[in-house]
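Reviewing the structure listed below.
2 protein chains.
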Amino acid sequence: MAYHLNSFDALVEQFRKLPNIGGKLAQRLAFHVLSMSDEQARAFADAVLDAKRTIHYCSVCGNLTDSDVCSICSGPKRDRGVICVVASPSDVIAVEKTREYNGLYHVLHGLISPADNVGPSDIHIKQLLRRLESDEVKELIIATNPTVEGDATAMYISKLVKPAGINVTRLAFGIPVGGDLEYADELTLTRAIENRREM
Amino acid sequence: MAYHLNSFDALVEQFRKLPNIGGKLAQRLAFHVLSMSDEQARAFADAVLDAKRTIHYCSVCGNLTDSDVCSICSGPKRDRGVICVVASPSDVIAVEKTREYNGLYHVLHGLISPADNVGPSDIHIKQLLRRLESDEVKELIIATNPTVEGDATAMYISKLVKPAGINVTRLAFGIPVGGDLEYADELTLTRAIENRREM
Numbered sequence: 000m001a002y003h004l005n006s007f008d009a010l011v012e013q014f015r016k017l018p019n020i021g022g023k024l025a026q027r028l029a030f031h032v033l034s035m036s037d038e039q040a041r042a043f044a045d046a047v048l049d050a051k052r053t054i055h056y057c058s059v060c061g062n063l064t065d066s067d068v069c070s071i072c073s074g075p076k077r078d079r080g081v082i083c084v085v086a087s088p089s090d091v092i093a094v095e096k097t098r099e100y101n102g103l104y105h106v107l108h109g110l111i112s113p114a115d116n117v118g119p120s121d122i123h124i125k126q127l128l129r130r131l132e133s134d135e136v137k138e139l140i141i142a143t144n145p146t147v148e149g150d151a152t153a154m155y156i157s158k159l160v161k162p163a164g165i166n167v168t169r170l171a172f173g174i175p176v177g178g179d180l181e182y183a184d185e186l187t188l189t190r191a192i193e194n195r196r197e198m
Numbered sequence: 000m001a002y003h004l005n006s007f008d009a010l011v012e013q014f015r016k017l018p019n020i021g022g023k024l025a026q027r028l029a030f031h032v033l034s035m036s037d038e039q040a041r042a043f044a045d046a047v048l049d050a051k052r053t054i055h056y057c058s059v060c061g062n063l064t065d066s067d068v069c070s071i072c073s074g075p076k077r078d079r080g081v082i083c084v085v086a087s088p089s090d091v092i093a094v095e096k097t098r099e100y101n102g103l104y105h106v107l108h109g110l111i112s113p114a115d116n117v118g119p120s121d122i123h124i125k126q127l128l129r130r131l132e133s134d135e136v137k138e139l140i141i142a143t144n145p146t147v148e149g150d151a152t153a154m155y156i157s158k159l160v161k162p163a164g165i166n167v168t169r170l171a172f173g174i175p176v177g178g179d180l181e182y183a184d185e186l187t188l189t190r191a192i193e194n195r196r197e198m
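Residue numbers (numbering that gives the first Met the number 0), protein chains in the order written: chain X, 0 to 198; chain C, 0 to 198.
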């Protein structure tokens with residue numbers, strides 16, 4: 000009852016290795032590839048190889064880029080006085096989507112996490128300090144997640160940088176817009192009360 | 000505030016075109032590709048191209064194969080007296096997974112659906128009739144889904160084939176194993192009662 004279909008199975012297996020893709024979806028995606036035109040399949044494969052070949056980290060901020068310095072760091076209209084510190088390149092995309100922030104970024108590529116043996120020297124903190132040596136930067140917005148690791152990293156950077164006279168802020172935590180008090184967890188509600196604003 | 004990262008965006012876009020993959024997951028998959036080694040990315044791209052290049056329809060049953068005749072049709076141990084008729088190659092995989100069926104298959108590549116302008120000549124029924132011209136086949140198991148289209152197709156084939164003295168059966172419909180009477184829909188329950196068996 001052997002049922003061999005090697006290159007199809009191989010493709011299903013490749014899709015299965017991707018995050019959030021189980022067996023059923025992997026099979027469906029493989030069938031979809033077979034239903035593509037030759038040009039479409041080629042474009043898909045090329046996109047994988049092109050991205051892998053051309054995208055690397057910006058030498059200044061650590062964000063993803065296809066040139067030496069990313070388009071944000073080299074953007075003439077960006078405010079060079081503010082740096083938003085994030086854990087990963089996907090956070091840069093999230094903040095950019097708000098279209099509210101016009102400063103620079105610094106990607107840490109991780110968060111301090113003693114439980115996972117990740118110390119301050121394992122993430123891009125040294126690179127951040129080097130950027131602060133110029134007098135241009137006036138404010139650091141720490142946009143790490145409100146988790147144990149995000150809090151620890153924010154604290155660590157804040158203590159290191161504040162003595163140099165740089166203003167350090169962190170994203171506000173509170174009830175999500177459109178959220179419901181009744182369903183907010185206690186920690187979020189506590190933070191929302193602590194950070195209440197006059198109106 | 001322009002944020003250009005062309006080959007990364009292109010990859011996200013390619014993932015978004017796949018079925019069941021939304022914007023967030025597409026982005027996550029693209030980041031995953033960047034985290035792959037060069038060899039892994041190459042293997043992934045090659046799997047897409049290899050499958051697309053080598054997989055086509057079996058000239059006998061219409062199933063997917065990388066040779067002229069698929070491994071089921073050419074399998075020496077398969078029972079050539081039974082043909083299981085299915086709508087698509089993914090149904091072949093589903094039936095094979097039961098490890099209970101040892102006959103051949105015929106893939107229709109669609110179902111009769113007047114609403115979508117799909118008639119009997121648009122799916123692989125002619126190819127099925129040609130296979131029945133030899134005297135070898137004793138039974139046709141129609142394994143189309145219990146939908147309007149699946150029912151219509153099953154009926155059509157059954158009427159066409161029965162006069163030739165071939166035994167035509169269809170998969171049993173009823174309560175799914177592990178299912179709950181209380182939650183079975185009325186149609187399924189009706190079919191389960193109609194098809195009740197002595198015990």
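We put the beta carbon where it would ideally sit given N, CA and C, even for glycine. As the structure is a computational prediction, the values presented were derived from the model and not from experiment.
Cβ-Cβ distance between residue i and residue j below 8 Å
i: L48 (chain X); j: A25 (chain C); result: no
i: H105 (chain C); j: V81 (chain C); result: no
i: L103 (chain X); j: T152 (chain X); result: no
i: D78 (chain C); j: N62 (chain C); result: no
i: A50 (chain X); j: L33 (chain C); result: yes
i: I156 (chain X); j: I141 (chain X); result: yes
i: N144 (chain C); j: A183 (chain C); result: no
i: T53 (chain X); j: D65 (chain X); result: yes
i: T42 (chain X); j: Q13 (chain C); result: The question names Thr, but residue 42 (chain X) is Ala in the sequence shown. Cβ distance < 8 Å, so A42 (chain X) and Q13 (chain C) count as in contact.
Residue environment, residue i, which counts as buried when at least 16 other CB atoms sit within 10 Å
i: I192 (chain X); result: exposed
i: P18 (chain X); result: exposed
i: L90 (chain C); result: Looking at the sequence shown, residue 90 (chain C) is not Leu but Asp. Buried, because 16 or more other Cβ atoms sit within 10 Å of the Cβ of D90 (chain C).
i: V11 (chain C); result: buried
i: S120 (chain X); result: exposed
i: G21 (chain C); result: exposed
i: P75 (chain C); result: exposed
i: V59 (chain X); result: buried
i: T97 (chain C); result: exposed
i: L180 (chain C); result: exposed
i: G149 (chain X); result: buried
i: L127 (chain C); result: buried
i: P175 (chain C); result: exposed
i: P88 (chain X); result: buried
Close beta carbons around residue i, own chain, < 6 Å, minus the five adjacent residues each side
i: R15 (chain C); result: A25
i: N5 (chain C); result: none
Neighbourhood of residue i by C-beta distance below 8 Å, restricted to the same chain and skipping five residues each side
i: G173 (chain X); result: T187, R190, A191, N194
i: D165 (chain X); result: It should be noted that the sequence gives Ile, not Asp, for residue 165 (chain X). L131, V136, K137, E138, L139.
i: T146 (chain X); result: L110
i: A163 (chain X); result: L131
i: M35 (chain X); result: F43
Sequence-distant residues of its chain with Cβ nearer than 7 Å to residue i (five each side left out)
i: V160 (chain C); result: L131, L139, V167
i: F7 (chain X); result: A29
i: C72 (chain X); result: C57, V59, C60, L103
i: V68 (chain C); result: C57, S58, V59
Those runs of the beta strand (DSSP E) which lie wholly inside the segment 98-182 of chain C and span at least 3 residues: DSSP runs (the beta strand (DSSP E)) wholly in the segment 98-182 of chain C: 102-106, 138-141, 166-169.
Every unbroken beta strand (DSSP E) inside the segment 34-88 of chain X [3 residues or more]: As far as the segment 34-88 of chain X is concerned, its whole beta strand (DSSP E) runs of at least 3 residues are 81-85.
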